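For the sequence shown, the numbering used here begins at 350 and goes up steadily by one.
For glycine and all other residues, C-beta sits at the position ideal for the given N, C-alpha and C.
As the structure is a prediction and not an experimental result, all values here were calculated from the model.
Heads up: the structure comes next, in structure tokens.
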Amino acid sequence: MIQSVTQGVLGTYRTQSIAERVARAEALRPGYRDHPMDVSAPAQRDAMVDLRASGIAGENYYHSLHNPPYHTKIDGSVPDLLLRAPLAERLQTVNTVLAPYGLELWVFDAWRPIAVQNYFHDHWMPTHLRRHDPSLEGAALQAEVEKYWARGAPGGMIDPTSPPPHATGAAVDLTLRRIGGDALFMGSVFDDVTEISNTAHLETASDVMSFSAIEARDNRRMLFWVMDAAGFANNPTEWWHFSLGDQMWARITGAEAAYYGPAPI
Ligand SMILES: C[C@@H](N)C(=O)N[C@H](C)C(=O)O
Ligand SMILES: [Zn+2]
350 MIQSVTQGVL GTYRTQSIAE RVARAEALRP GYRDHPMDVS APAQRDAMVD
400 LRASGIAGEN YYHSLHNPPY HTKIDGSVPD LLLRAPLAER LQTVNTVLAP
450 YGLELWVFDA WRPIAVQNYF HDHWMPTHLR RHDPSLEGAA LQAEVEKYWA
500 RGAPGGMIDP TSPPPHATGA AVDLTLRRIG GDALFMGSVF DDVTEISNTA
550 HLETASDVMS FSAIEARDNR RMLFWVMDAA GFANNPTEWW HFSLGDQMWA
600 RITGAEAAYY GPAPI
């Protein structure tokens, strides 16, 4: 029998605010790309696995045509959903927590080719921002871009001490869905790179919240806490982005150093 999400562990997660935790992460995140990297950590050699082969559902968003706001396949994208093997195992564990509720994870993206990262950071996001504010340039433009899109690597040469999160195989973009069915309502589409996607946006949104907003808030809470319990850190500007072992994770959790640099691909 399928359990209601209002009961048991997910029921608890739905009622537990994430405001404080996300605010703390937000304060810690700046400068995460300068966080120490343990380049000789044995984990640096952890294998990459395709998540579908590990029983985790998903489709690479950038390699699909059903991917608003893009509605087109992104040049350089790949169909794979590759992640470090120990992290894939943790996602399997998350699925065992979700299964009694008839839920599972749905992955949008994991390891990302540097060409895709460079495109969004260097072209797509600056173009989008300048459409709204043509005067935006230089450091101010970069700061706005990097709220949502991490700096890539010029010429594709990834710095082993400062890789973009999705180049490490330790960052994953995902949501919750009914097993084999529809995704739960999270209040924004994936890659809506505006404030609506900030993880705690709905925690503080308004005094009189719509039922839609409450549902999205509670679903975000479920996702946040179930991933937190598996050791993942959330990127505070995006409800879908989680990582473990990379620099953003290290910065947010207070780990001395990251142990996942560029993925062995
Ligand atoms: C925008 C989103 N899909 C994303 O992946 N953002 C993070 C911060 C990144 O670029 O690594
Ligand atoms: Zn991401």
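- Counting C-beta pairs closer than 8 Å gives three or more between the region 497-506 and the region 462-480, which meets the contact rule.
- Bridge partners of Phe534 according to DSSP: none are assigned.
- Classified as buried, Val398 has 16 or more neighbouring CB atoms from the shown chains inside 10 Å of its CB.
- Inter-residue distance for Phe573 and Trp498 is about 20 Å (C-alpha atoms, whole angstroms).
- Counting along the chain, Val398 sits inside the beta strand (DSSP E) bounded by residues Met397 to Asp399.
- Contact annotation, Val388 with Tyr450: C-beta distance approximately 41 Å; criterion of less than 8 Å not satisfied.
- Under a 10 Å Cβ-count criterion, Ala368 is classified as exposed, with fewer than 16 other Cβ atoms of the shown protein chains found around its own Cβ.
- Note that the C-beta distance between Ala519 and Gly407 is not below 8 Å.
- Secondary structure at Asn568: helix, using DSSP grouped into helix, strand and coil.
- Close CB contacts of Leu377 within its chain, under the 6 Å cut and outside five residues either way in sequence, are with Arg600 and Ile601 (chain order).
- Beyond the five residues adjoining it in sequence on each side, Arg570 comes within less than 7 Å, by CB distance, of Tyr362, Arg363, Gln365 and Ile367 in the same chain, given in chain order.
- Residues close to ligand 2 by the beta carbon criterion (under 5 Å to any non-hydrogen atom) are, from first to last along the chain, Asp522 and His590.
- Taking Gln352 as the centre and dropping the five residues before and after it, the same chain places the C-beta of Pro449 and Tyr450 closer than 7 Å to its C-beta, in chain order.
- In the structure shown, Thr421 falls within a coil segment according to DSSP collapsed to helix, strand and coil.
- Looking at the backbone, the Cα of Leu523 and that of His420 are separated by about 19 Å.
- With respect to the 8 Å criterion, Trp589 and Phe539 are classified as neighbours on the basis of their beta carbons.
- Bridge pairing for Gly407: Val456 [DSSP].
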